[in-house]
Structure formats: C-alpha cells, structure tokens
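Counted from 1, the first sequence has number 199 at position 187 by our numbering; the numbering is strictly sequential. Ideal Cβ positions, reconstructed from N, Cα and C, are used throughout, including at glycine. What follows is a single structure, written as structure tokens, with notes after it.
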Amino acid sequence: MYKEVHKSLLDWYDKNGRHELPWRLTNDPYKVYVSEIMLQQTQVKTVLERFYFPFLERFPTLMDVATSELDDVLKKWEGLGYYTRAKNLHNAARQCGGILPNNVHDLMQLSGIGRSSAHAIAAFAYREPLPILDANVKRILHRYYALIKRDEKKLWEYAYALFDTNHPFEYNQAMMDVGATVCLAKNPLCTVCPFESWCAGKPSPLSYPESKPKTQKPVRHHAIIIHQRENRFALRQRRKRFLHALWGFDQQEPKPYGEFLGHITQHYSHFTLEADLYLSHERFEDEEFEWFEIDEIEKLSLSRADHKAVALLRYNHKKREEHTGDSKS
DNA sequence: GAAACGTGGTG
DNA sequence: TCACCAAGTTT
C-alpha cells in the first residue's frame, strides 16, 4: 500500500537526514533517554549547543544521576526550562535503580516518560519496531491525511498505518527530520517533500490541524525583594510546582520595599511576569530563606528572572562604587 | 480533557 | 513588539 511512499521517504532520508545528531549515533540507551527528555518542547539547537554534552559529562551514566543530589542535576538543567523534567529524570533514575528498562511498558512506569517518549526511547535506543508520535510526526500525519481535528487516539492509529515495518528505525528518524526541516509549521516546503505526491493536505497545508483559539497570556505584577544582611542576601528554594526546586529571591505583591533597583519582565509559558526589583535592608526573618554572599548565589540553580535580578544587583553595586570612588573588587 | 509548566528563537 | 513555536507529561 505505502511501498512507494516508504521508498520516497527513505531516499530522502539518505540524502537529507540529520545523520550527525549525537543521540542518533550512540548506542547508549541512557543518552537517548536524556536527549528525549531534553528535547521535549525544546529546540534541537538549544539542547545540542548548551545542554546535552555538559549534562552527560557531569552524569555519564544513569547510575550517576541516581546517586546524585537533585540540586546537582538541576544545576545542569538550569536555563533549559520545564524543571519538572529534571526532577522526574532524577526520580526515574532512582525508581529503576540506575538501570533503564528496555520496553515501552516498563519505561512508561517511570516519572516523566509518557507514551511518546517511551516509544521514542524503545525505537531509537533498543531498535524496537514501533512508530513514534511526536510533534513532528503529528504535523506530517495531520497534513498527509488532511486531518482537521486534533485527536490523539486517531493519530496513533494513523501512525501505525503509515509506519514502515521493514525499516522501522530509519522510518522514524526520517519522519522526525521531514517534520523538523520540510513539513514546517509555518512555511512548509512542499516542493521538496518526499510525501508531496501523496499528501492530501498539500493544497492547503496550514489548514491541518485547525488552529487553536488564541488567548492572550495574563500579566502578573509582583515585587522581587532582595533582602540584604551585611554582605549576604536571602534566597529560598521553591517548594511548589512552578520553577520547582529552583532558588529565588522573595516575591511579594507589587509595592515599594526599599531601594528600587530596576524592572524585570519575564515571559513564562502561561503568564508574563512584570516585576519591580527592590533591595531591602529591613530586618527580615523567615525560616524558608537562607543567606548567601553574592558569589555563592551563582552556585545555586536560579530561574531566568532571578538571574536578571542578580545582574541588576551587581550592576547597581558597581555603579555605587564608581560614585563613591571606591574601586576595590 | 484542559491547564500548568520555561526558555530562546523567529516571522 | 509579540504571538507562536520547539522530540510532552502531569495534575
């Protein structure tokens, strides 16, 4: 049925596939696993250039993750976002005793591994003849079959329908690459697509699937307060889901709390933070908080917004030294 | 099943 | 400038 389609796809993959991706060259399931988690909702470029290699250098094996502290894992995840992934990775490593399961069922029992990641790990790391279904494949399927509605269950059926059981590994990799480089969300390059002759959505690729109703992100106003006591500053480790386990400064309702240091805007996945930053020398007692010298703060894992706060603190400090003529440090 | 969950790149 | 997107999972 799909013989010609599969041939077209494989030919395209041979010539145009991203054959140099490191997690595609390794035969270490752990490395494939790490790549799959890092790549969730994250661009290849970011993972490749800033996170994949440093993480593996610090944690060469899953056992290293299992025997390390969450704070250490988080430090290597700092800046990558969706920090629950790091928490889940750490938890999963301990769940399986540092030995990654080799089948979809057992993989899915681990924290942070859903059906999509389980199939990807099984297919890429263990060469299981299973179709994958990620955002790339979904976009291709929606267009190929001209599917308007988003339906997870049906998409899996189509994923199995189009799957090439004779070349499972190459097929899956090829689908990822077509989705990432040809069947693009905004500007699909249909003229060079291996599916061109059979794609039902080609006349109007942007129609599949139907776009979600656009909602504007709410803006939340806060004050970020840097409490200072001599040469130390107060930070606490977050306990809730948002930016879980990351350290940060005090955050309160928007009003003046001392010396104004600047304004911080940070766009999160579901809201925008607008915060004024203050330096306070008022007495501050809270068991949640610990006191750090400025250089010690850098050793903690901080969110982007809190890093901006540190930068403003340093900038302000430096500016003051210039004014007082004090040029030490 | 909808909403929560980060950050950087892009048009 | 800003909405949208990029290899999803959990609640």
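- In chain order, P141 place their CB closer than 6 Å to the CB of P180, counting only its own chain and leaving out the 5 sequence neighbours on each side.
- For I238, the uninterrupted beta strand (DSSP E) run begins and ends at V231 to R241, by DSSP.
- Taking C-beta separations shorter than 8 Å and ignoring five residues to either side along the sequence, the partners of H256 in its chain run Y95, T96, K99 and R250, following chain order.
- Contact annotation: the segment 177–191 does not touch the segment 222–237, with fewer than three C-beta pairs closer than 8 Å.
- Shown here, H282 sits in coil according to DSSP, grouped into three states, outside any helix or strand.
- Ranked by Cα distance from R232, the options H275, T284 and F175 are led by T284.
- Straight-line spacing of the CA atoms in T38 and Q52 works out to 19 Å.
- Counting the other Cβ atoms within 10 Å of the Cβ of S219 gives fewer than 16, which makes it exposed.
- Nearest to H293 by alpha-carbon distance, out of G260, I238 and Y327, is I238.
- In the three-state DSSP reduction, S219 falls in the helix class (H, G or I).
- Residue range Y64 to R70 is occupied by the alpha helix (DSSP H) that includes E69.
- By the neighbour-count criterion, in which a residue is buried when 16 or more other Cβ atoms sit within 10 angstroms of its Cβ, P200 is buried.
- A Cβ-Cβ separation of about 4 Å places V44 in contact with A137 under the 8 Å criterion.
- According to DSSP, residue pairing for E271 in a beta bridge involves L291.
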